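Protein chains in written order, with the numbering used here: chain A, 1 to 358; chain C, 359 to 504. Beta carbons are placed, not taken as given, at the ideal position from N, Cα and C, and that holds for glycine. For clarity, every value in this text was computed on a predicted model and none was experimentally measured.
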């Protein structure tokens, strides 16, 4: 029943995508771009539990297929991203990852409404989920990994974004202000149609740019409604996220570092610290890369993480090293080794990926 | 001593000839004549091609007319602006479109297409070969890159 419902949704989404594409292709006054992104992976993994015992597995996978539409008309623009992804197990789900309409008054003022990626840190807005071809490693880092709703920050949100950039020679300042519904009752409850409380989430990101170097910081606050059906989270939690990032991503260099502090404040305060560094250097079509990610959770179980997967492995440190080869602008082939050590287990992975974007 | 002078003169003449040859076979950027930005820095133009700079001084949105992948024009644009291959520039542009940071560039197949597009769109910028630029149609002007 669930399978047929998902298949029905997938068919409807595909038909809607096709209809929009055909309708807009004939409208000469507008500009419409259509994109298809996705990736096919193969992975070998060995997991060793801290309590003892080793499991081995290997599998092919099709993590995402992304149908992307973008239209512009003068200062107005529209963007949507329909994502077919594997939520859990082998079930393919359909997700409207982004759907936003924008009006750009000038470079210093652009207003966007809809569902968009929250302006927290660098990675979340620089590398949308479906575009594996543009990532150096195979997947987005744990901080923003939307797979199984396991990201630590609220990656997507529904509301308003106000953005502006003020260039002054080789310097530039930019700002983003998000006012949105914020989190739902759990990390996998995105408030697409209904906000469970009256309060809104507020996020401010400020950046300074010097040539192509970006240095930024952000502050986010939200009030997470209680889960009335779950005694572990009976009260409203105030979520505070503070972060900083630095990035230099200009050919041939790729350097990103960012870190966040996520606090859930109720009767007690639970603080999670997480961060990543990523570096690569492109030589012709090949980019060797390295990434290190780490997260430190509160010693007591954070009630907000309890319903999803964030804290289930405990504190972790993950190192990835690999090579990305782009034979042309539409294909990327990657080979990667990963070592991830957590309180609960240690995982070693070897993976390869063919990612595309047309 | 006179031999050294002769060799130096020959090398100098060769360098001058080489420079003249590259200028004759070079490329230039063109803009719509209504666009009052007649001169632009290379960094700023790179920002136009990669979605960071979204409008000209007069507020007109930047519109990129892009020569086909593999064309001599696009290879020159990529080399001039980001010091890389046209594939890398195209991938960067596609990424910025995907992020929602820039409008998809208009594809042009030839220098004549490029001029027609620039004449049509007030914010358009494109690259043409230097020979074509010698006789630009009304409504199209050179964009001088500092």
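Is the number of C-beta pairs between the stretch 185–197 of chain A and the stretch 163–173 of chain A that are closer than 8 Å three or more?
Result no; under three Cβ-Cβ pairs closer than 8 Å.
Just how far apart, CA to CA, sit residue 173(A) and residue 198(A)?
Within the first chain, the letter at position 173 stands for residue 173(A). Within the first chain, the letter at position 198 stands for residue 198(A). Between residue 173(A) and residue 198(A), the C-alpha separation is close to 32 Å.
Within the same chain, show all residues whose beta-carbon is closer than 6 Å to that of residue 348(A), passing over the 5 residues directly before and after it, in chain order.
For the purposes of this step, residue 348(A) is identified with residue 348 of the first chain, where counting begins at 1. Closer than 6 Å at the Cβ level, and outside the excluded window around residue 348(A), lie 46, 339.
Using a Cβ-Cβ cut-off of less than 7 Å, give me the residues of the stretch 319–335 of chain A that come near chain C, in sequence order.
326, 328, 329
Just the chain C side, please: which residues come within less than 8 Å of residue 354(A) by C-beta, in chain order?
Your numbering for residue 354(A) matches position 354 in the first chain. Within 8 Å Cβ-Cβ: nothing; residue 354(A) doesn't reach chain C, min ~15 Å.
Residues, ordered as in the chain, of the stretch 443–458 of chain C that lie near chain A by beta-carbon distance below 9 Å
443, 444, 445, 446, 447, 448, 449, 450, 451, 452, 453, 455, 456, 457, 458
Looking only at its own chain, which residues have a Cβ that is under 6 Å from the Cβ of residue 232(A), when we skip the five neighbours before and after it?
Walking along the first chain from the start, residue 232(A) turns up at place 232. Closer than 6 Å at the Cβ level, and outside the excluded window around residue 232(A), lie 303, 306.
Output needed for residue 404(C): all residues of its chain with C-beta closer than 6 Å, excluding positions within five of it in sequence on either side, in chain order.
Taking the first residue of the second chain as position 1, residue 404(C) is located at position 46. Counting only Cβ-Cβ distances below 6 Å, and skipping sequence neighbours, we find 439.
Enumerate in chain order the residues of its own chain whose CB-to-CB distance from residue 234(A) is below 7 Å, with the five nearest sequence positions on each side excluded.
For this step, residue 234(A) is matched to residue 234 along the first chain. Cβ neighbours of residue 234(A) within its own chain (closer than 7 Å, five residues either side excluded): 226.
In chain C, which residues lie less than 8 Å from residue 163(A) when you measure between Cβ atoms?
Residue numbering aside, residue 163(A) sits at position 163 when the first chain is read from its first letter. Within 8 Å Cβ-Cβ: nothing; residue 163(A) doesn't reach chain C, min ~10 Å.
Only counting the same chain, and skipping five residues up and downstream in sequence, which positions put a Cβ closer than 7 Å to that of residue 345(A)?
Translated into positions along the first chain, residue 345(A) becomes position 345. Closer than 7 Å at Cβ, skipping near neighbours: 47, 48, 49, 50, 313.
Which same chain residues end up closer than 8 Å to residue 78(A) when comparing Cβ atoms and leaving out the 5 residues on each side of it in sequence?
Within the first chain, residue 78(A) is the residue found at index 78, counting from 1. Once the five neighbours on either side are set aside, the close Cβ partners of residue 78(A) are 69, 70, 71, 72, 100, 101, 102.
Do residue 484(C) and residue 388(C) count as a contact pair if the criterion is CB distance below 8 Å?
On the second chain, residue 388(C) is found 30 positions in, with the first residue counted as 1. On the second chain, residue 484(C) is found 126 positions in, with the first residue counted as 1. Against a cut-off of 8 Å, the Cβ pair of residue 484(C) and residue 388(C) comes out as a contact.
I need the straight-line Cα distance from residue 325(A) to residue 501(C), nearest angstrom please.
Locating residue 325(A) in the first chain gives position 325, where the first residue counts as 1. Locating residue 501(C) in the second chain gives position 143, where the first residue counts as 1. Spanning the two alpha carbons is a distance of roughly 35 Å.
What residues in its chain sit with their C-beta under 8 Å from that of residue 36(A), if we drop five residues either side in the sequence?
Working through the first chain from its first residue, we reach residue 36(A) at position 36. The beta carbon of residue 36(A) is closer than 8 Å to those of 65, 66, 67, 68, 356, 357, 358 in its chain, skipping five residues each way along the sequence.
For the 8 Å Cβ check, are there 3 or more pairs between the stretch 103–111 of chain A and the stretch 285–298 of chain A?
no
For residue 344(C), which residues in chain A fall below 8 Å Cβ to Cβ?
There is no way to answer for residue 344(C), as the model of chain C reaches only from 359 to 504.
Considering only residues of the stretch 464–501 of chain C, which uninterrupted alpha helix (DSSP H) runs meet the minimum length of 4 residues and lie entirely inside it, listed in chain order?
469–478, 488–491
Opposite residue 242(A) in the DSSP bridges: which residues?
In the first chain, counting from the first residue as 1, residue 242(A) sits at position 242. Paired residue(s): 219(A), 261(A).
Which residues in chain C have a C-beta closer than 9 Å to the C-beta of residue 128(A)? List them in chain order.
If you number the first chain from 1, residue 128(A) lands on position 128. What residue 128(A) touches in chain C: 456, 457, 458.
Could you confirm whether any beta carbon from chain C is found closer than 8 Å to the beta carbon of residue 251(A)?
One-based indexing of the first chain puts residue 251(A) at position 251. Closer than 8 Å to some Cβ of chain C, the Cβ of residue 251(A) qualifies, so yes.
By how many angstroms is the C-alpha of residue 97(A) removed from the C-alpha of residue 193(A)?
Sequence index remark: in the first chain, residue 193(A) carries index 193 (1-based). Sequence index remark: in the first chain, residue 97(A) carries index 97 (1-based). Approximately 14 Å, taken between the alpha carbons.
So, is the C-beta of residue 33(A) closer than 8 Å to a C-beta in chain E?
Checking the listed chains, one finds no chain E in this structure; the protein chains it contains are A and C.
DSSP three-state label for residue 201(A), please.
For this step, residue 201(A) is matched to residue 201 along the first chain. In this structure, residue 201(A) counts as strand in the three-state DSSP scheme.
Spell out a yes or no on whether the stretch 119–138 of chain A and the stretch 326–335 of chain A are touching, meaning 3 or more CB-CB pairs, one atom from each, closer than 8 Å.
Between the stretch 119–138 of chain A and the stretch 326–335 of chain A there are three or more inter-stretch CB-CB distances shorter than 8 Å, so the stretches are counted as touching.
Would you be able to state if there are at least three C-beta pairs under 8 Å between the stretch 85–95 of chain A and the stretch 417–434 of chain C?
no
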